[in-house]
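What follows is a single structure, written as structure tokens, with notes after it.
2 protein chains.
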Amino acid sequence: MAQQSDPRQNSMLAALPLDEYQRLAPLLEPVELKLGASLAESGETMRYVYFPTDAIVSLLCVMEDGDSTEIAVVGAEGVVGISLFMGGETTPSRAIVQSAGSAYRLSGPLVKAEFYRAGPLQDLLLRYTQALITQMAQTAVCNRHHSLDQQLCRWLLLSLDRLPTNELRMTQELIANMLGVRREGVTESAGKLQRAGLIAYHRGRITILDRPGLEARVCECYAIVKKEYDRLMTYRRPPRDRGIG
Amino acid sequence: MAQQSDPRQNSMLAALPLDEYQRLAPLLEPVELKLGASLAESGETMRYVYFPTDAIVSLLCVMEDGDSTEIAVVGAEGVVGISLFMGGETTPSRAIVQSAGSAYRLSGPLVKAEFYRAGPLQDLLLRYTQALITQMAQTAVCNRHHSLDQQLCRWLLLSLDRLPTNELRMTQELIANMLGVRREGVTESAGKLQRAGLIAYHRGRITILDRPGLEARVCECYAIVKKEYDRLMTYRRPPRDRGIG
DNA sequence: AACGCTATGTTCGTCAGCGCACAGTGAGTG
DNA sequence: CACTCACTGTGCGCTGACGAACATAGCGTT
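Residue numbers (UniProt numbering), protein chains in the order written: chain Y, 1 to 245; chain X, 1 to 245.
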């Protein structure tokens with residue numbers, strides 16, 4: 001309760017012009033996101049969109065037999081709950097807190113009202129959605145074509161980018177759930193990284209020792225996604241009447 | 001040139017209120033989409049959005065080494081080029097005509113202008129985008145968890161849904177490219193379906209003989225995606241000021 | 001200090017899909 | 001009408017991931 005994070009630690013909120021932000025700020029409700037908490041269940045109507053400030057949320061696609069796969073990860077660069085402003089209200093996927101932390105939330109009706117003002121927030125939300133689409137597409141290819149070793153590196157780097165520290169709390173079991181693979185497979189791949197001196201693993205705590213080393217092992221997917229986020233979230237939209245860009 | 005398809009064969013255009021459609025109709029430019037033609041290349045700015053009337057377009061994610069994977073397929077139910085109204089202008093994926101046919105296109109500036117009217121078209125485009133996201137997410141899980149046999153069934157059904165006939169022109173080589181697998185693998189899986197009497201394969205022509213048979217073999221992914229399209233594209237948006245839905 | 005639970009490490013047989021090489025076979029072309 | 005090329009079918013050995021079973025080890029609890 002005591003210390004609340006600054007909403008503008010979230011990149012979306014930070015990117016708003018000051019007047020827009022000031023109008024929005026009183027509507028933002030701080031929430032603590034606990035590890036493993038569910039922000040969205042398949043098919044259930046979402047009540048809020050969440051702007052993480054330092055939490056990380058995984059979007060998972062869960063199947064009938066319980067197998068799941070992470071299709072995207074959201075941190076302080078984005079927002080959870082795009083189906084609210086996209087018009088569908090629900091999605092067939094789950095949103096689970098992968099790393100505990102803080103967020104600010106905005107109720108569905110409010111975010112829709114803001115979205116329909118067609119101002120900077122709409123623009124940001126749509127661009128972010130496109131970046132998310134890229135992440136999902138790249139995840140699909142990566143699942144198909146790359147080794148578990150590479151995918152683990154990708155996953156570690158994606159998480160690392162969204163964390164203030166170089167330590168993440170996450171068991172191999174959970175990582176396996178995210179990646180949609182066996183726990184033993186993660187043990188093996190993580191073992192390789194550990195023996196190579198890139199990470200130190202200890203009972204649910206992973207410390208990244210050599211980030212460049214991870215970047216050297218990761219597949220292209222990581223860079224593609226990251227580059228697309230940078231492009232989409234820093235580019236300033238030209239005025240709407242400017243014609244062909 | 002002679003016979004042009006009715007633009008309203010495209011579900012998006014058909015779903016527009018008549019007055020909206022009539023305003024839009026003169027702006028729509030008929031185009032023939034030839035097999036293998038590219039509507040979008042990775043990183044290149046798109047000039048048009050395309051509303052297929054009877055063509056099918058594959059969205060592919062291509063990697064450095066040339067390997068590719070289809071991340072979604074678009075037919076008369078949708079539109080190609082969402083990055084134009086989402087704000088990114090480009091995507092890191094390719095759009096390739098998978099089945100020749102007709103489409104209507106709308107230039108980037110025009111579609112943006114229409115989108116920003118915040119009318120029924122915007123609503124449709126956003127809902128469609130969400131459905132597309134679902135398709136991509138489900139493709140990612142399917143790539144991870146399901147056998148090639150099942151994925152081939154899914155692919156055939158997705159194509160079939162977007163075709164007026166029960167015959168599709170597509171070599172096993174091309175299907176393999178779409179699914180991101182080996183050609184031999186497709187030969188083997190298609191052989192099983194053929195021996196089971198579900199399809200007849202003959203030099204680039206696939207005839208579906210037993211659709212229910214395919215549906216019995218396909219994984220859940222097909223139904224999930226289809227259901228979500230139905231839900232999103234038939235649901236009518238409540239008025240914007242109605243509060244919590 | 002003993003216990004129990006959770007997390008990690010290891011092994012082994014199995015199998016789907018890969019990469020490669022090559023054999024048929026139809027369809028269109030000169 | 002023969003040729004060629006594209007498409008399909010098949011047979012290897014190989015490998016990465018799977019599933020199951022089990023061993024070890026840290027950490028908190030009592």
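Just so you know, even glycine gets a beta-carbon here, dropped at the ideal spot from N, CA and C.
I'd like to know if the region 117–128 of chain Y and the region 3–18 of chain Y are in contact, where contact means that at least 3 CB-CB pairs between them fall below 8 Å. Segment contact: the region 117–128 of chain Y against the region 3–18 of chain Y, three or more CB-CB distances shorter than 8 Å; contact assigned.
Give me the chain X residues within the contact set of C61 (chain Y), using Cβ-Cβ distance strictly less than 8 Å, ordered along the chain. Those are A137, Q138, A140, V141, listed as they occur along chain X.
If you count every other CB in all the chains shown that lies within 10 Å of the CB of P92 (chain Y), and 16 or more means buried, which is it? Burial check for P92 (chain Y): the Cβ neighbour count within 10 Å reaches 16 or more, so the residue is buried.
According to the Cβ coordinates, are E29 (chain X) and R105 (chain X) closer than 8 Å? Judged by beta-carbon spacing, R105 (chain X) lies within the 8 Å limit of E29 (chain X), meaning their Cβ atoms are closer than that value.
By the criterion of Cβ-Cβ separation under 8 Å, what are the contact partners of R105 (chain Y) in chain X? The premise fails here: R105 (chain Y) is roughly 15 Å from chain X at the closest Cβ pair, so nothing lies under 8 Å.
Using Cβ-Cβ distances below 7 Å, what residues of the UniProt domain "HTH crp-type" (146–212) of chain Y are close to chain X? Answer set for the UniProt domain "HTH crp-type" (146–212) of chain Y: G180.
Determine, using beta carbons only, whether T53 (chain Y) and S99 (chain Y) come nearer to each other than 8 Å. Judged by their CB atoms, T53 (chain Y) and S99 (chain Y) are not nearer to each other than the 8 Å cut-off.
On the three-state DSSP scale, how would you describe S5 (chain Y)? Residue state, collapsed to three classes: coil.
Neighbour flag for E29 (chain Y) against chain X, beta carbons, 8 Å: For E29 (chain Y), the closest Cβ of chain X is not nearer than 8 Å.
Please confirm whether R127 (chain Y) has its beta-carbon closer than 8 Å to some beta-carbon of chain X. Between R127 (chain Y) and chain X, the shortest Cβ-Cβ separation is below 8 Å.
Got a sec? Which residues, its chain only, sit under 7 Å from Y229 (chain X) by beta carbon, not counting five neighbours each side? Contacts found: E77, A131.
Quick one: what's got a C-beta closer than 7 Å to R94 (chain X)'s C-beta in the same chain, skipping five residues either side? Counting only Cβ-Cβ distances below 7 Å, and skipping sequence neighbours, we find S38, A40, E41, S42, L60, V62.
Determine contact between the region 144–155 of chain Y and the region 206–223 of chain Y, defined as no fewer than three beta-carbon pairs at a distance below 8 Å. Because the criterion of three Cβ pairs below 8 Å is met, the region 144–155 of chain Y and the region 206–223 of chain Y touch.
Under 7 Å by beta carbon: chain Y residues contacting D230 (chain X): What D230 (chain X) touches in chain Y, judged by beta-carbon distance under 7 Å, is nothing: the nearest beta carbon there is about 12 Å away.
Give a yes or no on whether the C-beta atoms belonging to G108 (chain X) and Y48 (chain X) are separated by under 8 Å. Yes, the Cβ-Cβ distance between G108 (chain X) and Y48 (chain X) is below 8 Å.
Touch test, the region 192–209 of chain Y against the region 151–166 of chain Y, Cβ-Cβ under 8 Å, three pairs minimum: As far as the Cβ criterion goes, the region 192–209 of chain Y touches the region 151–166 of chain Y, which means the pair count is three or higher.
Any idea what DSSP makes of R127 (chain Y), helix, strand or coil? If DSSP states are grouped into helix, strand and coil, R127 (chain Y) belongs with the helices.
Is there a C-beta anywhere in chain X that falls below 8 Å from the one on Y116 (chain Y)? Yes, because at least one Cβ of chain X sits closer than 8 Å to the Cβ of Y116 (chain Y).
Could you give the DSSP three-state label for V186 (chain X): helix, strand or coil? Helix at V186 (chain X).
Of the residues Y:K226, Y:C142, Y:L232, Y:L174, which one's Cα is nearest the Cα of D65 (chain X)? Closest by alpha carbon: Y:C142.
DSSP three-state assignment for C142 (chain Y), whether helix, strand or coil: Reduced to three states, the DSSP call for C142 (chain Y) is helix.
According to DSSP, simplified to helix, strand and coil, what is G108 (chain X)? Per DSSP, reduced to three states, the secondary structure at G108 (chain X) is helical.
Counted within 10 angstroms of its Cβ, other Cβ atoms place G191 (chain Y) as buried (16 or more) or exposed: Under this definition G191 (chain Y) is an exposed residue.
Neighbour flag for P92 (chain Y) against chain X, beta carbons, 8 Å: Taking a beta-carbon distance threshold of 8 Å, P92 (chain Y) counts as an interface residue toward chain X.
Tell me whether P52 (chain Y) sits in a helix, a strand or coil according to DSSP, three-state version. DSSP places P52 (chain Y) within a strand segment (E or B) once states are collapsed to three.
Close Cβ partners of Q151 (chain X) (< 7 Å) along its chain, the five nearest in sequence each way excluded: Closer than 7 Å at the Cβ level, and outside the excluded window around Q151 (chain X), lie C142, L179.
For G87 (chain X) and chain Y, any beta-carbon pair shorter than 8 Å? Closer than 8 Å: yes.
Find the nearest neighbour of T134 (chain X) within the set Y:L168, Y:A72, Y:L110, Y:R205, judged by alpha-carbon distance. Residue Y:A72 is the option with its Cα nearest to T134 (chain X).
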